Amino acid sequence: MKKLIYITVFLVICLQPASLLAQKRSDKSVYSFDRMEKRYPWIGSDNGAGLVYNQSLDFSTINAYFGQTNGDYRNFNDPEKFHNYGIKTESYVKVKNVFFYGSFNYDYGIKQKQAWLGTIFQNSAFGPIVDSIPGKVLNESYILAGKVGYKLNDKFSIGATMNYHTATAAKRIDGRNMNTLSKFSVAPGITYNRGILTAGINAAYQRNVERAKYTFIGDVTGKSIFYQEGLWFFSKAGVTSTTSMDRGYFTNVYGGAAQLQLRNKNISFFNQVKVDYNRESDYDDQNLLRRNAFVDGLKYDYKGDFTFKGKKADHYLGLKFVSDEQFAYNVVSVYEPVPGEVNQWNYYEYGKTLRYMQTIRQYGAEYKAYIKRTDWHCSWIFTLGGNMREVNKDFRIYPAKYHQDYTNKEVYAKVEKNLMFGKKSYLDININGGYVMGDGTMLSTVNPMTSGALKQNVSILKQDFAYQTAERFIAGGGVKYSVALNPEKGKVAFCGVNYRHQFLNDGGKLDNILTGVLPGQSRSTLSFTVGINF
Amino acid sequence: MRNIKILLMLIASLSIWGCMKDTKTSQFTDDATSSTINITVAMPAGYNYPVDGMKVKLSDPSTGLLFEGITNADGVAQIHVAHGSYIATSEAKYSVPGGVIYIFNGTSNRIRVTPTDEKVVEANLPLNVSKTGQIVIKEFYYGGCLNPLTGKTYANDKYIILYNNSDKIAYLDSLCIGVADPYNAPQSGKSSVWVKPGTTELRDSVPNVSFGWMFPGTGKDNSLAPGAQAVICTNGINHTITAPNSVDLSKPGYWALYDPILTKGQSIPQPGVKLMQGYWKVGSANQYTISQTSPAVFIYNLGGKSLSKFVLDTYTHKPDQATNRNFDCLMIDKNSILDGVECFRDVTDSKRLRPEIDNGFTKTNGSGTGETVHRKIDAVATAAAGGRIVYMDTNNSSNDFEVKSKPSLAN
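Chains V and P, in that order, are what the protein sequence lines are.
Residues 1 to 534 in the numbering used here are what the first sequence spells out, letter by letter.
Residues 1001 to 1411 in the numbering used here are what the second sequence spells out, letter by letter.
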């Protein structure tokens, strides 16, 4: 407690009223979104009203990218190979007292030998229907994000955030699933500014709908669809030429966030606390009477960004804490005759039973030092960070109990160097590396039943646990070449390439029980980008 | 000072974050996730055999969960179960002087034990009585095998073997064979539509779908000696030519479910293969369909009726297909059925055959595996019969059948 008081006193002494810095248009040549969000943390918050604290110049980018991932250090629901390409635009613009942010991203991906994934994105549902047949999957996503902030006066600002994401995925082998996803979120907010303090609050609502349709059109029989539950318990159904299975995942997320920033000329301490309560219902066969599962959960997300702006260097310390608790219920739906009808049957719901609890806690800290040539232009950027993640999973179906827990610890570092060639060209070079280790209990079981228990997919359990807890190293690097097309207006063209490689270290803590469980030892990603900032 | 207060308030608000898990703990106990079923087993009227010590199984077709209990002297078994919707089964076998063996078995209605129901649910399990049969289904090969020449499943080689399990000559004449509707076992906890109104109990008759097949003969034309067998197939040809892993069903004496007009889409049987008589058909299909994944097959007699009278008396529209005649069935009374075997894809499938016919189910590991379901040998009865093989017959294929890795007719 004493330490907290000392820190508080120190911060209050340090924090003095800030003044607006004049921006030079030529600075735009060296703008980056990362740097903008570190300098003006409000713009990265969930509160659209926070946009009004963006003191940088209007800045936009449009780029195209291509990425490719392969290698056999992968989880059970990772594809063997994956490549994607797309275009992305992003923009911060202000018109008098109105501040805008907008982004659009089109992404097209091709996954090879994808199995055990019944949703478009991994881990988006606790009880998906999945298939075990590796096959090619085509993905397409359109992601739109927008924010608007309006400065009412020197003290108050209002704003809103709106996001829309629609995606599809289609598998090209039986039993083939075709998924469609729509996610929409809106978050109105308000901020208050007085002296060294700026505070804000926003509400948030998100609606996610994903539909999966499994069909079978081929002649190779004997394939199965798995109704998955937590900790990879499942029941199974065969697929035939008449199979058509539908599943809908409907999620509502209600929440909000509060922000507080204390700042002066050189120091800023920005905090955001976000709370989300989610409710998900899963339905089969497009039948809203046939609810299969219900999930609710509570997520806390704190981030704190401490920034010190020095003469030669800017220092940044980011803190984060996430607590995510999810609870999955089995809904008892019974197929029964419709009362008063002849030969009409339907599903009727008779309550729900809690079967699965999952708690994830993450702690993270990151330090960044920006060694400056000018206010925006950095010659070096050093990053050092660490994360810890604690995961607890419990599954219970009377009279059996199952438990899994594990912890991941990660440290990482990155060095970025900017080289100037004349006044128009830049070369950014980065190298990065990391180390991740894990430990835990794969499964502890109390099950007095000798037969007739719910089945568990043990091979998936093992692969996932091995994947999550594997001791591994990460190494990577990249170069980005930029050329100013119009230095006065800050128009810059750029192209870049990045490479990231993960490889396992034999002899990790759990090596004795998990040797040979994963299909391989390494996985790498190569990506290219080309675009224009203006 | 005000800034300090605000900071302290922020820190305090962080420290009072609640844990949702704490509020859920009471829902995650044995008591909250389970209920008790008290099930009372009762002998059929006219039979006074003891009901003490009978094993009662409760299975949930939606999840595959299975619980067991033993009845007390009053025939009551108290079983603690996870929430769900269960079907109770039980069976017993009693021999009486004269060599007659009575089989008592029963399957209950769905017993619902959910969070919205009482914690203790009472249910009844009335038993039915039947006798061991003379002619039994010895083997049912329905899933096909992998054809290495194409890399795909080859499943035109389905066959059924009937066996004379008694010590007396049996006659196949006018013995009929049928597949129960629906072709594939209902999935995901759904029941068959062929249930008694307002219940989940299957009707007292079994729907024979699409085709009716019968052995020809006038009474004693096609005999089956004790321990002899008859092979019935859908395509009476040598399948090993097309699919090396398959079987030769072209041998003289085998029977083909083939009619030159009704099933002209099937292979013409080889000379020597005898033809079953197709006595009834609906729909436009030109091949006889037996599911590759989860068929239910049974054998029956006409109950002393003429063919035309039998068809007239049993012809029925399918309950959920009021306007589509392709799904009409013949409803075969349970007392006319000599034997049957219910095949599932998975334990979560639902039954089509009544408990008196088959109180359980059998299953392979899927189509294309080359596996077959085969009746087990009753070692005690075989020894008593002086070496003539006697197969198990408790009218429960879960007990009576085993899965073999390849069909018995394969080389």
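Think of the CB as a built atom: it goes at the ideal place given N, C-alpha and C, for glycine as much as any other residue.
Fair warning: this is a prediction, and the values are worked out from it, not measured in the lab.
Between SER379 of chain V and the set V:GLN259, V:ILE371 and V:LYS312, the nearest pair of CA atoms involves V:ILE371. Distance from the Cα of THR1033 of chain P is smallest, within the candidate group P:CYS1233, P:CYS1145 and P:ALA1082, for P:ALA1082. At a cut-off of 8 Å, the C-beta of THR1114 of chain P has a neighbouring C-beta in chain V.
HIS83 of chain V and ILE120 of chain V do not touch by the CB rule: their CB atoms are close to 17 Å apart, not below 8 Å. Within chain V, the residues placing a beta-carbon under 7 Å from that of PHE1067 of chain P are GLY452, ordered along the chain.
Between the stretch 91 to 101 of chain V and the stretch 123 to 137 of chain V there are fewer than three C-beta pairs closer than 8 Å, too few to call the two in contact.
In this structure, VAL479 of chain V sits near VAL497 of chain V, with a CB-CB distance shorter than 8 Å. Across the stretch 380 to 408 of chain V, CB contacts with chain P closer than 7 Å involve ARG396, ILE397, TYR398 and PRO399, in sequence order along the chain.
For HIS1083 of chain P, no pairing in a beta bridge is given by DSSP.
Contact between THR1372 of chain P and TYR1141 of chain P holds: their C-beta atoms lie close to 4 Å from each other, under 8 Å.
Taking the beta carbon of GLY1106 of chain P as reference, no residue of chain V falls within 7 Å; the closest one sits roughly 19 Å away. Along the stretch 482 to 502 of chain V, there is no position whose C-beta sits under 8 Å from a C-beta of chain P. Here PHE1215 of chain P is not near LYS1281 of chain P, since their CB atoms are 8 Å or more apart. Taking a contact to require three or more Cβ pairs closer than 8 Å, the stretch 1083 to 1090 of chain P and the stretch 1052 to 1062 of chain P qualify as touching.
Interface criterion not met: the Cβ of THR191 of chain V is under 8 Å from no Cβ in chain P. When rounded, the separation of the alpha-carbon atoms in THR525 of chain V and PHE473 of chain V is 14 Å. Close CB contacts of HIS165 of chain V within its chain, under the 6 Å cut and outside five residues either way in sequence, are with ILE143 and LYS183 (chain order). For MET36 of chain V, the nearest beta carbon of chain P is not closer than 8 Å to its own beta carbon.
Along the stretch 1200 to 1233 of chain P, going in chain order, the ones with a CB nearer than 9 Å to a CB of chain V are THR1200.
Here MET178 of chain V is bridged, per DSSP, to V:ALA170 and V:LYS213. In the three-state reduction of the DSSP assignment, THR450 of chain V falls in the coil class. Ranked by Cα distance from THR191 of chain V, the options V:SER185, V:LEU181 and V:ALA203 are led by V:ALA203.
Taking the C-beta atoms as reference points, ASN392 of chain V is found no nearer than 8 Å to TRP232 of chain V. In this structure ASN533 of chain V is in contact with PHE494 of chain V, their Cβ atoms being roughly 7 Å apart against a cut-off of 8 Å. Secondary structure at TRP380 of chain V: strand, using DSSP grouped into helix, strand and coil.
For a Cβ distance threshold of 7 Å, residue set THR1114, PRO1115 and THR1116 of chain P lies close to GLY351 of chain V, ordered along the chain.
Cβ-Cβ separation between TYR367 of chain V and LEU317 of chain V: approximately 5 Å, consistent with a contact (criterion under 8 Å). A Cβ-Cβ distance of about 4 Å is found for the pair ASP27 of chain V and TRP376 of chain V, placing them in contact under the 8 Å criterion. Counting every other CB atom within 10 Å of its CB across the protein chains shown gives LEU504 of chain V a total of 16 or more, marking it as buried.
For ARG1110 of chain P, the neighbours in chain V by C-beta distance under 9 Å run, in chain order, VAL334, TYR335 and GLU336. By the rule that beta-carbons nearer than 8 Å mark a contact, THR359 of chain V touches chain P. Nearest CB-CB separation between SER444 of chain V and chain P: not below the 8 Å threshold. At least one CB of chain P lies nearer than 8 Å to the CB of GLU325 of chain V. The alpha-carbon of SER1284 of chain P is positioned some 8 Å away from that of ASN1326 of chain P.
For the alpha helix (DSSP H) assignment, the uninterrupted runs of no fewer than 4 residues enclosed by the stretch 1365 to 1392 of chain P are, from N- to C-terminal side, 1379 to 1384. Here LYS1190 of chain P is near SER1350 of chain P, since their CB atoms are less than 8 Å apart.
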